[in-house]
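S.K.:
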Amino acid sequence: LLSFIWLCTTIYVFNSVILPTPSEYDSNKKILSDESRTQDKSSGETTTVNNQVNLTGIYFPALDENGNPGYVHNATTLHNNPPVFNTSGIQCGPNDATMQLLTQLVYVDLAADERANKLVLEGGGKPRAKIYCHIYTTQKQGPRIQSIRETWGHRCDGFHVASTITDRSIDSVNIPHEGEEEYKNMWQKVRAMWVYVYVNYYDSYDWFHIGGDDMYVLVENLRLYLESEEIATASNGGEQPLLLGQIFHQNFYSSATYVTGGGGYTLNRAALKMLVASFPNCAPHDVTSVEDVLVTQCLQKGGIEPYRTTDETGAERYNHIKPEFEFNFDPKKHPFFWYSYFSGNKNIGPERVVKRAVSFHLKDSKPTVENMMRRIHAILYGHCANVTLGPPVPTKQWSDGKFLGRYWKPPLLQCELNAKEDEVCICSMVKRGKKEVEVCKKQTYYK
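If you're matching positions, the sequence shown starts at 26 in the working numbering and goes up one per residue.
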């Protein structure tokens, strides 16, 4: 009887998924401890064995079409069977700011990408960087998903969509998570996504890129950047965890930074391991939409700061804003607009974006995000090359040189604008709920 129990236990352990704890993290191994921990794939429950940390709630197995747990998506399906790009109905024109930025400055470096591929085939180059892309969405965003699959999604080596249903025909996977399926609970959704990717795809890819269903990625440019000497040095050959993306200033102070999720962000394997290892002790049950802030903070607790991905001029590779905005924006004319404060990018207009840009955030694009995604793709990949364009068309929002949208004034400025001659403004950080905010109050100044 004892032998039978021992045999059953052994089989169970070897067929279980094991996740690292923070104390077990190492850059060379996913698991350091020789002591056993077992996990029930059907429930996501991790039992405590030999005084190990209980990781209950960290891993949520994906559900198949029938709701059965344990589904693992074939991540190479889209890459190996790319759908045809449907050009019907695409409006290349007008010759607006989007067209001008994507024809006068930004381009996909297909020539460099082809040279790199040829070098590998001839045996004279390193294997190309393998990129896993996963995006978060909901069931209702089917048109966006189809646009992603036809444009940039299949250019990633691995791909899936984290949705509320599993549908193999569109590469969507139902990954359960703690709490409700809603925007304000995005942190829990993204935590579950990262763990799912770590458990199932960690060994097969070099880099992991995440973003929303309103993101457009120039995958060839991303791969070339990840293969660059700059990134190879920064990552120490892959041993050093790297978090790449556009850096924003949290609470409007340059010392507190995070990588914004608008244009997506990218982790190497070492960073993915560190991130997942931090989850049991890093905001494990927080309900918030700012997943990008918390991902950054979880890595910062391990000593990893966001890597600055701008070029030598300060131009951005990952872009939180759509092309037409970047083409026209002048932070010197609009110093109190929220983007000026968050991004810290002082460049003007086209100088804000590098030529080999990596991504754009297409939120609020007109007429729809999916239409703009197809239009951008058509311009970048030559489908609009023979279209005759008229003279440049000014963007309505910027035609008068003033931004018509929402402005944000820092607390100190608001206070000083309302202060009298004998008053000064004293500012301090005040805790409100789980956040600290700056509060400035007027005080009478006595000479």
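Cβ atoms here follow ideal geometry from the backbone N, Cα and C, with glycine treated the same way.
1) For Gln468, name the three-state secondary structure that DSSP assigns.
2) Of all the options Leu127, Leu130, Lys214, Lys445, which has the alpha carbon lying nearest to the alpha carbon of Thr313?
3) Is the beta carbon of Gly262 less than 8 Å from the beta carbon of Tyr161?
4) Taking 8 Å as the threshold (C-beta atoms), are Pro331 and Ala296 in contact?
5) Pull up the DSSP beta-bridge partners for Glu376, would you.
6) Compare the beta carbon distance of Leu387 and Tyr241 with 8 Å and say whether it is the shorter of the two.
7) May I have the straight-line CA-CA distance separating Ile156 from Lys143, to the nearest angstrom?
8) Between the C-alpha atoms of Cys409 and Ala403, what's the straight-line distance to the nearest angstrom?
9) Among the residues of its own chain, which have a CB less than 7 Å from the CB of Asn344, if the five just before and after it don't count?
10) Use the C-beta contact count for Glu446: other C-beta atoms within 10 angstroms, 16 or more gives buried, fewer gives exposed.
11) Taking the alpha carbon of Ser368 as the point to measure from, which residue in Ile329, Glu316, Gly286, Lys380 has its own alpha carbon closest?
12) Do the CB positions of Val244 and Trp177 come within less than 8 Å of each other?
13) Decide if Met398 is buried, meaning its Cβ has at least 16 other Cβ atoms within 10 Å, or exposed.
14) Tell me whether the stretch 119–131 and the stretch 354–373 touch, counting them as touching only if at least three CB pairs, one residue from each stretch, are closer than 8 Å.
15) Given a cut-off of 8 Å, decide if Thr191 and Ala302 are closer than it, judged by their beta-carbon atoms.
16) Does Ala403 come out as helix, strand or coil in the three-state DSSP assignment?
17) Specify the secondary structure class of Cys452 as computed by DSSP and reduced to three states.
18) Once DSSP output is grouped into helix, strand and coil, what is the label at Ser315?
19) Taking Cβ to Cβ, would you say Ile115 is nearer than 8 Å to Arg457?
20) Please list the terminal residues of the continuous beta strand (DSSP E) segment that includes Thr291.
21) For my contact list, Ala187 and Phe85 are in at a C-beta cut-off of 8 Å; report their separation, rounded to the angstrom.
22) Helix, strand or coil for Gly369, going by three-state DSSP, please let me know.
23) Find the nearest neighbour of Thr291 within the set Thr282, Leu269, Pro305, Ile173, judged by alpha-carbon distance.
M.R.: Once the coordinates are examined:
1) Within the sequence shown, residue 468 is the residue found at index 443, counting from 1. Correct three-state label for Gln468: strand.
2) Within the sequence shown, numbered from 1, the residue matching residue 313 stands at position 288. Of the candidates Leu127, Leu130, Lys214, Lys445, the residue whose Cα lies closest to the Cα of Thr313 is Lys214.
3) Counted from its first residue, the sequence shown places residue 262 at position 237. Counted from its first residue, the sequence shown places residue 161 at position 136. Cβ atoms of Gly262 and Tyr161: not closer than 8 Å.
4) Translated into positions along the sequence shown, residue 296 becomes position 271. Translated into positions along the sequence shown, residue 331 becomes position 306. Contact annotation: Ala296 and Pro331 have beta-carbon atoms that are not nearer than 8 Å.
5) Position 351 of the sequence shown, counted from the first residue, corresponds to residue 376. DSSP, once it has assigned bridges, lists no residue as partnering Glu376.
6) Along the sequence shown, one-based indexing puts residue 387 at 362. Along the sequence shown, one-based indexing puts residue 241 at 216. Yes.
7) Reading the sequence shown from its first residue, position 131 is the one you call residue 156. Reading the sequence shown from its first residue, position 118 is the one you call residue 143. Between Ile156 and Lys143, the C-alpha separation is close to 19 Å.
8) For the purposes of this step, residue 409 is taken as the residue at position 384 of the sequence shown. For the purposes of this step, residue 403 is taken as the residue at position 378 of the sequence shown. Rounded to whole angstroms, Cys409 to Ala403 spans 6 Å at the Cα level.
9) Locating residue 344 in the sequence shown gives position 319, counting from the first residue. Result list for Asn344: Gln271, Gly288, Glu351, Val378, Ala382, Ser384, Phe385, His386, in chain order.
10) Reading the sequence shown from its first residue, position 421 is the one you call residue 446. Glu446 counts as exposed, since fewer than 16 other beta carbons sit within 10 angstroms of its beta carbon.
11) For this step, residue 368 is matched to residue 343 along the sequence shown. With respect to the C-alpha of Ser368, the residue from Ile329, Glu316, Gly286, Lys380 having the closest C-alpha is Gly286.
12) Along the sequence shown, one-based indexing puts residue 244 at 219. Along the sequence shown, one-based indexing puts residue 177 at 152. Yes, Cβ-Cβ distance for Val244 and Trp177 is below 8 Å.
13) Here residue 398 is taken as the residue at index 373 of the sequence shown, counted from 1. In summary, Met398 is buried, with 16 or more beta-carbon neighbours lying within 10 Å of its beta-carbon over all protein chains present.
14) Flag = no, the stretch 119–131 and the stretch 354–373 do not touch.
15) Numbered from 1 along the sequence shown, position 277 holds the residue referred to as residue 302. Numbered from 1 along the sequence shown, position 166 holds the residue referred to as residue 191. Their beta carbons are not under 8 Å apart, which means Ala302 does not touch Thr191 by this criterion.
16) As a first step, residue 403 must be located in the sequence shown, where it is residue number 378. It is helical.
17) Against the sequence shown, residue 452 aligns to sequence position 427. In this structure, Cys452 counts as strand in the three-state DSSP scheme.
18) Residue 315 sits at position 290 when you count from the first residue of the sequence shown. It should be pointed out that residue 315 corresponds to Val in this sequence rather than to Ser. Here Val315 sits in coil by DSSP.
19) As a working note, residue 115 is residue 90 in the sequence shown. As a working note, residue 457 is residue 432 in the sequence shown. In this structure, Arg457 does not lie closer than 8 Å to Ile115 by Cβ.
20) On the sequence shown, position 266 is the one that residue 291 refers to. Where Thr291 is concerned, the enclosing beta strand (DSSP E) stretches over 290–293.
21) In the sequence shown, counting from the first residue as 1, residue 187 sits at position 162. In the sequence shown, counting from the first residue as 1, residue 85 sits at position 60. About 11 Å separates the beta carbon of Ala187 from that of Phe85, a gap too long to meet the 8 Å contact definition.
22) Within the sequence shown, numbered from 1, the residue matching residue 369 stands at position 344. Looking at Gly369 - three-state DSSP - the assignment turns out to be coil, as it is neither helix nor strand.
23) Taking the first residue of the sequence shown as position 1, residue 291 is located at position 266. It is Leu269 whose Cα lies nearest to the Cα of Thr291.
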